[in-house]
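Plus 254 on top of the position in the sequence shown (first one is 1) and you've got the working numbering. What follows is a single structure, written as C-alpha cells, with notes after it.
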Amino acid sequence: MATPSGLRILLVEKDIAAADRLTATLKDIFPDCLTVNSVQWSGDALRFVQSETCSVVLMSLGGPREIDGVVALKAAAPGVPLIAIIAEDDESFALSVLKAGAQDCLYACQMGPQLLSRSIRYTLERAHAQEQIAYLAQYDAVTGLPNRVLFRDRLEHALAQAQRKRARIAVVSIDLDHFKSVNDLLGHEIADRLLCDIAERIKGQIRRGDTLARMGGDEFMIILEDIRDFSDAANVAQKILDVMARAFVIQGEEMFLTTSIGIASYPASGIESTQLIKNADAALYAAKRSGRGCYRFYDPTMNEYADERLKTLTRLRHAISREEFVLHYQPVVDARSQSVIGFEALLRWNDPKRGLVSPGEFVGLLEDTGLIIEVGNWVLRTACEQQKLWKEIGLGSFKMAVNVSARQFRQRDFVGTVALIVQDTGMDPHDLQLEITESLLIDNMTAAAAKLRALHTIGVRFSIDDFGTGYSSLNYLKRFPLYAIKVDRSFMENISEGRDEDAIVNAIISLGHSLRMKVVAEGVETEAQIRFLAENGCDCLQGYYYATPMAAADVEKWLQNRTAEGDKSAGLRFLGRDAAAG
C-alpha cells in the first residue's frame, strides 16, 4: 500500500502525555510526510476543521457522552475522514461511534503502530474512493464538465439568486448536428476526444461564473447568469456558432461540425428549472427545423411542436414493431427508347389513423433518433427481394435504386450489411443502385471512398441524389466510383422555357458525361421537359409523367398495361433520331 504524501493529521486528545506518545508513534509510522496538529477538546477541533485543511482526524473518546463531538465534526467537515479511539473494548459503543460518522473505531488497549498505520491508510483510500464516486455522480467522466444532476442543482441555485436580485438568466441548449454519425464512423474513443475539444471551444466563449454542462451524448447546456437582456444570450450563441464552424482535425483530416442552439430566458420563458430546460430544448428543435447551424429563442408555440414530435416518435416506434412501413416504386425510363429500365424504392408509412404518410413528415425524425438504421436496412432488404421476385416471374430484370441515409452509410458495418442483404436475397449486385447525397460524401472523403470502392468491387452501383443542390464539384466526383448523377427535381419546373435552369441542366449533363456517368432527371412531368432532356443527352427520366410511386402489386399491373398498350415511345417520335429528322 502506497505511503500517503503531504499527510496532515488532527489529533484530538485531552491527555497531553497520551497525545505526545501518539504523535511520536505517528511520526515513526510516517517519518517523511507527516504534520500533526494536536488539540484537547472537540470545540477546538471544530474550529480547526472550519479554518484549516487536514487529511484525517484522530479523536479520542472517553465515553458515549462524547459522541456528539463526532457528529459536530462530521457536520462541519463531511469530507474529512475521522478515526475514533475508545478506551474500553465496548462493541456497542464502537457501533454507535461508527453510526455517528466515524470511518473506523480503534480500541486503545489493542492499538499498536501496525494497526494504526493500516487504519489510517485504509481510511484515506476509502475517502478517496468516496470522493471519486461523488465526483462521478456530479461530473461527466469524458469532458470533466458538470453533468445533468449538478446542472439542475446549479440552475436551482441560479434561479433562487435571480429571484432575490430580480435579475435575468438564460438557459442555452446546444446540440451537435449529426454527431451520432460521427460517433458511428470514428468510434467512441476518437469521438470522446472530439467532445473534449468541443467542450473547450464552448467554455472559451462564456464567463468564468457561467455553467457549462454535458447533459449526455452530444448535448450541452449553459446557464448564463446576470444577463442584461436577450442580446447577451444571442451574442454568446453566435460566438459558439462561429467557433464551432472552424475545422476540427481528426486523424490528420479536417472535419466540420455544425451546431444548433436553443435559448430560454428567466423569467420570460419560465420561472422553474424544469420549464426552462424544456423550453430551451423546444427552441433547439426549432433551430434544427430552420436548417441547423443557427440559434433560436423560445416561443410558446414550440412546445406544441415538441409534444407532437414526441407523439410521432412513439407512433414510429410502434410502426416498426407493427410492420406499418411499406415501399412504393417509381419507374425510371430510358430517355431515348422510353422503355422502363428500373425503379426507385420509396419509403411510405401506412399509419392506421392517417393512412399513407409522406416521408417528409417522418424521415427526418427517424434520422435524428437513429431509427433510420433499422428502417433503412429493412428498405434495402425488401427492395432487393422485390426486384428478385419481379425477375423470377418474368416482368423484367430491372435496376433497383434504394436511398441510403447518412446514419446508415456512416455505420462501421455498412459494407458488410449491404453485402449480406444482397447475398441473402439472391439479387444480382449489378442490379442494385444505392443513392446517396453529396453532403454525405463530403463529410469524410477517405472513409466514404473506401466504402464505395468495397461495394463497387462486388458490382453495386452508386448515384448522387439531388445533384446540383449541394457541393457539386468536379474534384470530389473524380474520387468516387459513381455510376450516375440525378438532377434534382427543383430544376425541372421551368426547364425548356429558355431560363437559367436550361443552362444548369445542360451543364450537369455535360459534367456527368465527361466523367462517364449516366444522368437521370427527377421530377419529369411534361412532354416538353422530356423533349428538352432527350435532345440534350439526358440518359434516364423519372417523374409523374410516367407514374406516381406505386405499391408492388400496382407496379405489376402498370407494367402489364404498358406492354399491352405499347411503350410511350410510340407517341413520342420527336425524341432521339426522329427529332433530327423532324
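Ideal Cβ placement from N, Cα and C applies to all residues, glycine included.
Short Cβ contact (8 Å threshold) for ILE642 with MET681: Per the sequence presented here, residue 642 reads as Lys, with Ile not at that position. Yes. Within cutoff.
Beta-carbon proximity of ILE627 to GLN662, cut-off 8 Å: yes
Per DSSP, the bridge partner or partners of HIS582: LEU600
Proximity below 8 Å, CB of THR513 to CB of ILE531: no
Contact set for MET509: own chain, Cβ-Cβ below 6 Å, skip 5 residues either direction: PHE502
Exposed unless 16 or more other CB atoms sit within 10 angstroms - verdict on ALA537: buried
Cα-Cα separation between GLU578 and ARG602, rounded to whole angstroms: 9 Å
Beta-carbon proximity of ARG455 to VAL490, cut-off 8 Å: For ARG455 and VAL490, no; Cβs fall outside 8 Å.
Beta-carbon contacts of ASP394 that lie in its chain and below 8 Å, excluding the five residues immediately before and after: Same-chain partners within the cutoff: PRO400, ASN401, ALA467, ARG468.
Three-pair Cβ contact test at 8 Å for the region 663 to 673 versus the region 696 to 708: yes
Residues bridged to ARG468 [DSSP beta-bridge criterion]: DSSP links ARG468 through a beta bridge to PHE474.
The region 759 to 773 / the region 730 to 743 touching (three or more Cβ pairs under 8 Å): Touching, per the Cβ criterion.
Touching by the beta-carbon criterion (3+ pairs, under 8 Å), the region 374 to 388 and the region 301 to 312: yes
Delimiting residues of the beta strand (DSSP E) encompassing TYR361: 358 to 361
Cβ-Cβ separation, SER296 to GLU267 (assumed contact under 8 Å), whole Å: Not really, about 11 Å apart at Cβ, beyond 8 Å.
LEU430 in three-state terms, based on DSSP: Strand, per DSSP.
Continuous alpha helix (DSSP H) assignments of at least 4 residues falling wholly in the region 487 to 564: 527 to 543
Span separating the alpha-carbon of ASP431 from that of ARG406: 24 Å
DSSP bridge partner residues for ILE847 (one or two, in chain order): Past the boundaries of the shown model lies residue 847; the chain is included only from 255 to 836, so the question cannot be answered.
Proximity below 8 Å, CB of ASN533 to CB of SER544: In this structure, SER544 does not lie closer than 8 Å to ASN533 by Cβ.
Delimiting residues of the beta strand (DSSP E) encompassing ARG715: 715 to 721
Distance between ARG733 and GLN665 (C-alpha atoms, nearest Å): 21 Å
Coarse secondary structure for THR289, derived from DSSP in three states: Of the three classes helix, strand and coil, the one that applies to THR289 here is strand, per DSSP.
Cβ-Cβ distance between THR397 and CYS363 below 8 Å: no
Coarse secondary structure for ALA460, derived from DSSP in three states: The question names Ala, but residue 460 is Ile in the sequence shown. Reduced to three states, the DSSP call for ILE460 is coil.
Spatial neighbours of PHE616 in its chain, beta-carbon cut-off 8 Å, leaving aside the 5 residues before and after: Excluding residues within five positions, the ones whose Cβ falls inside 8 Å are THR566, LEU570, TRP603.
GLY777 beta carbon less than 8 Å from that of GLY797: yes
Boundaries (first-last residue) of the alpha helix (DSSP H) holding GLY618: 617 to 623
Of the listed residues ALA637, GLN459, ILE504, ARG500, nearest to ALA487 (C-alpha basis): GLN459
One or two residues paired with ASN657 in a DSSP bridge: GLU689
Residues near ARG199 by beta carbon distance below 6 Å, same chain, minus five either side: Lying outside 255 to 836, the shown extent of the chain, residue 199 is not represented and no answer is given.
Exposure label - LEU610; buried when at least 16 CB within 10 Å: Exposed, because fewer than 16 other Cβ atoms sit within 10 Å of the Cβ of LEU610.
Backbone secondary structure at LYS642 - three-state DSSP: helix
The beta strand (DSSP E) enclosing LYS772, as first and last residue numbers: 772 to 775
Contact the region 410 to 425 vs the region 461 to 481: 3+ CB pairs below 8 Å: Yes, the region 410 to 425 is in contact with the region 461 to 481.
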